[in-house]
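Undergrad:
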Amino acid sequence: MTAPVLEISGLTVSVPDATRTDGGRGDLTLVDNVSLTLERGERVALVGESGSGKSMTAKAVMRLDPTVDLAGSIRVAGHEVVGAPERTVRRMRGSAVSMVFQDPMTALNPVLTIGDQVTEPLRLRGVPRREARARAVEMLDRLGVLSAADRMDAYPYEFSGGMRQRVVMAAALIGGPDVLIADEPTTALDVRVQEQVLDLLEEQSRELGLAVLLITHDLAIVAGFAHRVAVMRHGRLVEDRLVDDLFASPQHPYTRGLLASIPSVDDDPTVRLRTVDDVMREDAALAASGTALEARR
């Protein structure tokens, strides 16, 4: 058995009292005692509503937010992130762990060419310009960017949304990371391009043995992509199951609520969809009635 390439143990992310801007007092906990592992080549979806702590967990792995305090442990390819010097973390970004962000247009610098942005991770590691450029063309070709060699000097605005996301993925993958975090990578794309991006992520995971952590609020897109699904609510991990098991028999009321709120083509359009809160209230009522019945016995 090999060690996981990503091992999160007892992670707590909090905003210190001194830097809070919401008028509250005391440290504000955003992620509470989360533990999660990824094996090499494994694809895990981290799901939950907006504000559940998914992206904050991802940023903690990359150490991207200097305004929060981290406690617990995050090990990437055997290297501890929590408490590590900033210089060490900078070396890990791009080589051990990379991230694909939600909106490719804001993730790319509009005044730098595609070539400059894809080669940057290699150039920062001392790779000669010509070699870095050749490797960038190869990576863009692999990800389906047509005429990649001719488009290295193009700018982001000259690419479609789907092509820009491929460029972002090329920049994230070119350093050969062990772990790729994809934070809502399909939200800004139409349905057809969403499928293409997920297919690309799955293909790269298989070919490179890449562990992928897909952050999403949309359970509908993970069924055919992930090996496991981890569900977050209010900063806590409430369920972590194999994808087929979770869809067949969700254990937590919140997970059941998320699944129940997914629209289906067979739904009656005149009937209001059940919300997450609806399902959780129904579960609580059933539990209360069961407790009352047991007490009468």
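So for the sequence shown, the UniProt record's numbering puts the first residue at 1; every next one is plus one.
Glycine included, each C-beta is placed from N, C-alpha and C at the ideal position.
If you pair each beta-carbon of the segment 63–75 with each one of the segment 10–19, do three or more pairs fall below 8 Å?
TA: With a cut-off of 8 Å, the segment 10–19 and the segment 63–75 count as touching, because enough Cβ pairs lie within range.
Undergrad: Would you identify the three-state DSSP class for I215, choosing helix, strand or coil?
TA: Within the sequence shown, residue 215 is the residue found at index 215, counting from 1. I215: strand per DSSP, three-state reduction.
Undergrad: In angstroms, rounded to a whole number, what distance separates the CA positions of L189 and S289?
TA: Start at 1 with the first residue of the sequence shown, and residue 189 comes out as number 189. Start at 1 with the first residue of the sequence shown, and residue 289 comes out as number 289. Between L189 and S289, the C-alpha separation is close to 45 Å.
Undergrad: Taking A260 as the reference, give the member of L242, R241 and M280 with the closest Cα.
TA: Taking the first residue of the sequence shown as 1, we reach residue 260 at position 260. Nearest of L242, R241 and M280 to A260, Cα basis: M280.
Undergrad: I want to know whether the segment 212–222 touches the segment 125–132 - three or more CB-CB distances under 8 Å.
TA: Judged by Cβ distances under 8 Å, the segment 212–222 makes no contact with the segment 125–132, as fewer than three pairs qualify.
Undergrad: Alpha carbon to alpha carbon, what distance is there between G83 and D103?
TA: As a first step, residue 103 is located in the sequence shown; it is residue number 103 there, counting from the start. As a first step, residue 83 is located in the sequence shown; it is residue number 83 there, counting from the start. Taking the straight line from one Cα to the other gives about 30 Å.
Undergrad: Using alpha carbons as the reference points, say which of D267, D240, L140 and E184 lies closest to Y254.
TA: By 1-based counting over the sequence shown, the position of residue 254 is 254. Nearest of D267, D240, L140 and E184 to Y254, Cα basis: D240.
Undergrad: Could I get the ranges of all uninterrupted alpha helix (DSSP H) runs contained in the segment 31–118, with 4 residues as the minimum, in chain order?
TA: The qualifying runs are 54–62, 86–92 and 104–107.
Undergrad: Determine the contact status of L46 and T57, defining contact as a CB-CB distance below 8 Å.
TA: Position 46 of the sequence shown, counted from the start, is the residue given in the question as residue 46. Position 57 of the sequence shown, counted from the start, is the residue given in the question as residue 57. Taking 8 Å as the Cβ cut-off, L46 and T57 qualify as a contacting pair.
Undergrad: Which residues in the same chain as M99 place their Cβ atom closer than 6 Å to its Cβ, once the five residues preceding and following it in sequence are excluded?
TA: One-based indexing of the sequence shown puts residue 99 at position 99. Cβ within range, chain order: M62 and I181.
Undergrad: Relative to the ligand HEM, is the shortest distance from any of its heavy atoms to the C-beta of R151 smaller than 7 Å?
TA: The model on display carries no ligand, and the ligand HEM is accordingly not part of it.
Undergrad: Could you tell me whether the Cβ atoms of E39 and A211 are closer together than 8 Å?
TA: On the sequence shown, position 39 is the one that residue 39 refers to. On the sequence shown, position 211 is the one that residue 211 refers to. Yes, these two residues count as a Cβ contact at 8 Å.
Undergrad: Span of the alpha helix (DSSP H) holding S205?
TA: As a position in the sequence shown, residue 205 is number 205, starting the count at 1. Segment V191 to L208, the alpha helix (DSSP H) holding S205.
Undergrad: One question on the structure: do L6 and V118 come within less than 8 Å of each other, judged by their Cβ atoms?
TA: Taking the first residue of the sequence shown as 1, we reach residue 6 at position 6. Taking the first residue of the sequence shown as 1, we reach residue 118 at position 118. Contact flag unset, no.
Undergrad: Since G224 contacts V193 with CB under 8 Å, what's their CB separation in whole angstroms?
TA: Along the sequence shown, read from residue 1 onward, the residue named residue 224 stands at position 224. Along the sequence shown, read from residue 1 onward, the residue named residue 193 stands at position 193. In fact, because the Cβ distance is near 16 Å, the residues do not count as touching under 8 Å.
Undergrad: Between the Cα of T37 and the Cα atoms of R228, A172 and P250, which residue gives the shortest distance?
TA: Along the sequence shown, read from residue 1 onward, the residue named residue 37 stands at position 37. Looking at the Cα atoms, R228 is the closest of the given residues.
Undergrad: Over the uninterrupted alpha helix (DSSP H) stretch that includes M232, give me the two end residues.
TA: Position 232 of the sequence shown, counting from 1, holds the residue named residue 232. Run containing M232: none in the alpha helix (DSSP H); it sits in the beta strand (DSSP E), R228 to R233.
Undergrad: Compute the beta-carbon to beta-carbon distance between V44 and G235, rounded to the nearest angstrom, for a pair I have assumed lies under 8 Å.
TA: If you number the sequence shown from 1, residue 44 lands on position 44. If you number the sequence shown from 1, residue 235 lands on position 235. That pair is no contact at about 18 Å.
Undergrad: Within its chain, find whatever has a CB closer than 7 Å to the CB of P4; leave out the 5 residues flanking it on each side and keep chain order.
TA: Within the sequence shown, residue 4 is the residue found at index 4, counting from 1. If we look at P4 and ignore the five residues flanking it on each side, its Cβ neighbours are T37, L38 and E39.
Undergrad: Please report the Cβ distance between A170 and A136, rounded to the nearest whole angstrom; I am assuming they are in contact, meaning their Cβ atoms lie under 8 Å.
TA: Locating residue 170 in the sequence shown gives position 170, where the first residue counts as 1. Locating residue 136 in the sequence shown gives position 136, where the first residue counts as 1. Rounded, the Cβ-Cβ distance is 7 Å, consistent with contact.
Undergrad: For D183, I'd like the list of residues in its chain whose CB is within less than 6 Å of its CB, leaving aside the five on either flank, ordered along the chain.
TA: Working through the sequence shown from its first residue, we reach residue 183 at position 183. Taken in chain order, the residues that qualify are S55, A58, F101, Q102 and I215.
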